[in-house]
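Peer 1: First the structure, which I've put down as structure tokens, then a few questions once you've had a look.
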Amino acid sequence: MSAVHSFVLHPFARKDKERPNVDIRIIGVLGAGQMGSGIAQLAAAAEYDVRLCDASLAQAEVGRGKIDAVLGRQVEKGKMEDAARKALVARIKPVATPADFADCDLVVEAATENVTLKLELFRACDAAMKKGAILASNTSSISLTKLAAATKRPPEVIGMHFMNPPPLMKLVEIVRAIQTSEETFKDTVAVAHKMGKTTTVSNDAPGFLVNRILIPMLCEACFALQEGVGSAEDIDTGAKLGLNHPMGPLELSDLIGLDTVLAIADVLYRDIGDDKYRAPTNLRNLVAAGWLGRKTKRGFYTYDDKGQKAGRA
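Taking the numbering used here, I'd label the letters of the sequence shown as residues 745 to 1057.
So, in structure tokens, the structure goes:
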């Protein structure tokens, strides 16, 4: 896939002459939820060997099982050969802890959008990984520079922000910490392209590019609902038919996870300080209630066991 950028040396990029040449063959994914399992599926489809890790080996095995089930449905629809499904799933090895990433050439952290948790996981991965291996984060808002500074490999730290759901969305947003080396940047872009993705590049700033644009729109839709300007259905229909968006902003918020939307909005508001990034009360209340969207079957809408919209909440 072609990128929408060129390899121009980043103003803060450093050439790390001590970094050994790393032929990326094994990719670790930390987090076996919706994002992590999707990234693991993409990596295995690109014929990388994958180590899939979660809080326990059992949870990592559940993540691989969900990938197998998704691919099984593709086989049933005639979109994939069963032999290809088996080969892809066989390339994904569930593991118990970040210590099992010792042989990985690249690790992508895809845990909950919580800076304290991510710093803890980054330190654990850094301690386990071999010299020269790349440590990436799928964070959608947290500073890569801060994450890099918590490790002993700042030049090998970078952001790989996959869109949700990773197997279907075409974009990977590459985020450069100020410490990220040019070699790390080029190798990471090459991996994303091998996964069939188009890449954009963002410097390390709150929300990066995609969420800097997206989150204010999602919050404004929440404000419109909160103020009674229109119903959830009318807001979403207006965006789909009037703006040609594939999903309405409230539907999209439910898909992303309302806790994630709120976390990103809070990062933007705190770090930029502009009122346009403030989160509305109705979003905060839904998160406080534990109604986080599709993953809890209730958010702005209700959902059935298959994740299909069942009605308005």
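Where is the CB? At the ideal position from N, CA and C, for every residue including glycine.
Determine the closest residue to A1009 out of A871, A1023 and P909, with distance taken between C-alpha atoms.
Peer 2: Nearest C-alpha to A1009: A1023.
Peer 1: Is the separation between the beta-carbon of I771 and that of N908 shorter than 8 Å?
Peer 2: In this structure, N908 does not lie closer than 8 Å to I771 by Cβ.
Peer 1: What is the DSSP secondary structure of E853, counted as helix, strand or coil?
Peer 2: strand
Peer 1: Please classify I902: is it buried, with 16 or more other beta-carbons within 10 angstroms of its beta-carbon, or exposed?
Peer 2: buried
Peer 1: Identify which residue in M824, C869 and V1011 has its Cα closest to the Cα of L774.
Peer 2: C869
Peer 1: Using only CA atoms, which one of D798, A784 and A799 lies nearest to Y792?
Peer 2: A784
Peer 1: Who are the Cβ neighbours of D948 in its own chain at under 8 Å, not counting the five residues just before and after it?
Peer 2: Once the five neighbours on either side are set aside, the close Cβ partners of D948 are S887, L888, T889, G903, V919, R920, A921 and I922.
Peer 1: Between the region 1016-1033 and the region 954-974, do three or more beta carbon pairs fall short of 8 Å?
Peer 2: yes
Peer 1: For a test of the three-state rule: what should DSSP assign to K1058, helix, strand or coil?
Peer 2: Past the edges of the chain, shown from 745 to 1057, lies residue 1058, and the structure says nothing about it.
Peer 1: Assess contact between the region 1013-1020 and the region 981-995, defined as three or more Cβ pairs (one per stretch) separated by less than 8 Å. Is contact present?
Peer 2: no
Peer 1: Rounding to the nearest angstrom, what Cα-Cα distance links E977 and R1028 in this structure?
Peer 2: The C-alpha of R1028 is placed about 20 Å away from the C-alpha of E977.
Peer 1: Using three-state DSSP, classify C869 as helix, strand or coil.
Peer 2: helix
Peer 1: Straight-line CA distance for K1050 to E927?
Peer 2: The straight-line gap from Cα to Cα measures roughly 42 Å.
Peer 1: Using three-state DSSP, classify P755 as helix, strand or coil.
Peer 2: The predicted model places P755 with a pLDDT of 45, which falls under 50 and marks its position as unreliable; any figure quoted below should be read in that light. Coil at P755, not helix or strand.
Peer 1: Keeping to the same chain, check which residues put their C-beta closer than 8 Å to that of E995; ignore five residues upstream and five downstream.
Peer 2: D980, F1044, Y1045 and K1053
Peer 1: Counting only runs that start and end within the region 1001-1040, where is the beta strand (DSSP E) found for 3 or more residues in a row?
Peer 2: none
Peer 1: Given this structure, state the Cα-to-Cα distance separating T943 from L985, to the nearest angstrom.
Peer 2: 28 Å
Peer 1: Mind checking which residues open and close the alpha helix (DSSP H) that includes K890?
Peer 2: L888 to A893
Peer 1: The beta strand (DSSP E) spanning C797 covers which residue range?
Peer 2: D793 to C797 is the extent of the beta strand (DSSP E) around C797.
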